[in-house]
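S.K.: My structure is below; once you've seen it, I'll send some questions.
In the UniProt record's numbering, the protein residues as written are 1 to 577.
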């Protein structure tokens, strides 16, 4: 065996790392490293010795269903499982080792291992689940490779670059970039990873056919250019404008029910109008900088595990959560250092078919103004390590450090500022009002000044869960509102989305830069939590004492097709001393 990461492309290394870490986390193998006292098989022993001499940490995983072992070494080991590969991966069978050159081989091993593990549970259709997962993983791998083939040529606003820079996706997800429905030409036209921008397609809708819900009881904003184009129609024909993703418009225009509406004159297809929209990391949500607006569009494309249209329940949850938050004191919703971007209205067609309603439905969302947007980064992109090893987070740390190199003390000061604009206000919001934000990495934005965090933003209220026990204004919501959860459910979701997915990932990413220790960052988080408002301290005590934290099991959920009701696992709580 000879070994060098020089023979493994950065893309393959990052994908292998992503798949390996996800598999280890979700199969109860958080630490597969070989103990120094362990004697590996002779054909592996020399390599392990070499790895250790170069400060690498060897590991071995057994895929018993295939009769093979997987060996490699970490150059960084993370308490939350975000380990960095420092060597190529090797497959061993009957004492013969070969380098794993194609991450698709690893994905097939993982799918086979899940099938073998589930066979003892008597679960049905295991082979079908394995084949489906293999196809999704290979689809995701192909998309990641495709997104690295081209560099966006069109100049983009700085914020659009951040939204569109997520080429690998969720570090604990094996189908993070899988999609079904876009052709190659569609990818070039609409994929954020390729720097796409486009005009929205507009429909003119008879007023009686348009179904609208607005927090303030007024019509949502419409692009002035689109409004000017359609002004005679709106004035004389009692129509309203409804924007749509151009791919979705093509899909809808092919539906028989829509053809009927067009023939009757209840719906008019106006085509592409208005300013250029920038698709964000979610693909279907677009940013309209001239209007300081986000629109969450419907898109009948399967991305990861879901078709990304807007079902009635999702729309209702987003508007109910936004309504609940709009009833709170204004200083809790829009603080100088923390701001919620609420959904302000929804629109669709008043139709009997719920699938067609979901396919037309859109949500209008608040956005930052132009000055703010220029300094804002999507957190998911901020911490994503590129194929060449660069991380946007590192650039910000260097900027914040100024003329001197960053050190642990400086990084901890930066981290304290970060916690003050993210974790602390979110925890206090839950403690005081029972509002648990789904502020994972792709729903979180942070504004920076000279590299220092100055304002956190949380978006996409559709994922918000509100504790019935804590929320003081229950009369403002219907008793059956999908935004209302039990206290246990809302707190469980907070612990995962805010603490594990968001804060845990940023802490690990900071530590991977090499200027600080991950354990010291969690110690800093402990001290920060103890400085919370008194109302949050009982929750802080609980967080500091519990042995584990919840984590969504994206791999297992994909295998068992549990998109709407995902599987969960637990990980060791790094906050606990």
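Just so it is clear, CB atoms sit at the ideal spot from N, CA and C, and this is done for glycine as well. Just so we're clear, the structure is a prediction, and the values are computed from it rather than from any experiment.
#1: Between residue 84 and the rest of its own chain, which residues show a CB-CB distance below 7 Å, the 5 nearest in sequence each way excluded?
#2: Under the three-state reduction of DSSP, which class applies to residue 240: helix, strand or coil?
#3: May I have the straight-line CA-CA distance separating residue 359 from residue 328, to the nearest angstrom?
#4: Can you tell me where the beta strand (DSSP E) with residue 73 in it begins and where it stops?
#5: To the nearest angstrom, how far is the alpha carbon of residue 546 from that of residue 538?
#6: Report the option in 186, 379, 143, 194 whose CA atom is closest to the CA atom of residue 164.
#7: Sort 256, 157, 140, 190 by Cα distance to residue 169 and report the nearest one.
#8: Give the list of continuous alpha helix (DSSP H) stretches no shorter than 4 residues that lie fully inside the segment 388-436.
#9: Cα separation between residue 452 and residue 397?
#10: Express the C-alpha separation of residue 185 and residue 148 in angstroms, rounding to a whole number.
#11: Considering only the beta carbon of each residue, do residue 461 and residue 321 sit closer than 8 Å?
#12: In the structure shown, what three-state DSSP assignment does residue 93 receive?
#13: Taking DSSP as the reference, what is the three-state secondary structure of residue 10?
#14: Determine the DSSP secondary structure at residue 522, reduced to helix, strand or coil.
#15: Going by DSSP, what residue range makes up the beta strand (DSSP E) through residue 364?
#16: Count the other CB atoms within 10 Å of the CB of residue 577; is the residue buried (16 or more) or exposed (fewer)?
#17: Could you please give the first and the last residue of the uninterrupted beta strand (DSSP E) stretch that includes residue 570?
#18: So, is residue 573 buried or exposed, given that buried needs 16 or more other C-beta atoms within 10 angstroms?
#19: Please list the segments of the alpha helix (DSSP H) lying wholly inside the segment 158-200, counting only runs of 4 or more residues, in order along the chain.
#20: Going by DSSP, name the residue or residues bridged to residue 278.
#21: Have a look at residue 244 and residue 543 and give me their C-alpha separation to the nearest angstrom.
#22: Please name the residue in 477, 422, 366 whose C-alpha comes closest to that of residue 506.
#23: Report the three-state DSSP secondary structure of residue 369 (helix, strand or coil).
#24: Please say whether residue 100 and residue 91 have beta carbons closer to each other than 8 Å?
#25: Can you name the start and end residues of the beta strand (DSSP E) that residue 503 belongs to?
#26: Quick check: the Cα distance between residue 178 and residue 198, rounded to an integer number of angstroms?
#27: Counting along the chain, where does the alpha helix (DSSP H) carrying residue 314 start and finish?
#28: Based on DSSP bridge pairs, tell me the residues matched to residue 552.
#29: Determine which residues share a DSSP beta bridge with residue 268 and list them.
#30: Please state if the CB of residue 503 and the CB of residue 81 are separated by a distance shorter than 8 Å.
#31: Buried or exposed: where does residue 385 fall if 16 or more other Cβ atoms within 10 Å of its Cβ makes it buried?
#32: In this structure, does DSSP put residue 132 in helix, strand or coil?
#33: What are the start and end residues of the beta strand (DSSP E) that includes residue 34?
#34: Can you give me the start and stop residues for the beta strand (DSSP E) that residue 474 sits inside?
#35: Can residue 174 and residue 558 be called in contact, C-beta distance under 8 Å?
#36: Just verifying my parser: in three-state terms, what is the DSSP assignment at residue 143?
M.R.: Let's see:
#1: 17, 74, 75, 76, 512
#2: strand
#3: 32 Å
#4: 68-76
#5: 12 Å
#6: 194
#7: 140
#8: 392-401, 408-421, 423-433
#9: 8 Å
#10: 16 Å
#11: yes
#12: strand
#13: helix
#14: helix
#15: 362-366
#16: exposed
#17: 568-572
#18: buried
#19: 158-163, 184-190
#20: 287
#21: 43 Å
#22: 422
#23: coil
#24: yes
#25: First-last for residue 503: undefined, no H or E at that position.
#26: 22 Å
#27: 312-326
#28: 568
#29: 204
#30: no
#31: buried
#32: helix
#33: That residue, residue 34, is in no beta strand (DSSP E); it is neither H nor E in DSSP.
#34: Note, residue 474: premise wrong, no beta strand (DSSP E); not H, not E.
#35: yes
#36: helix
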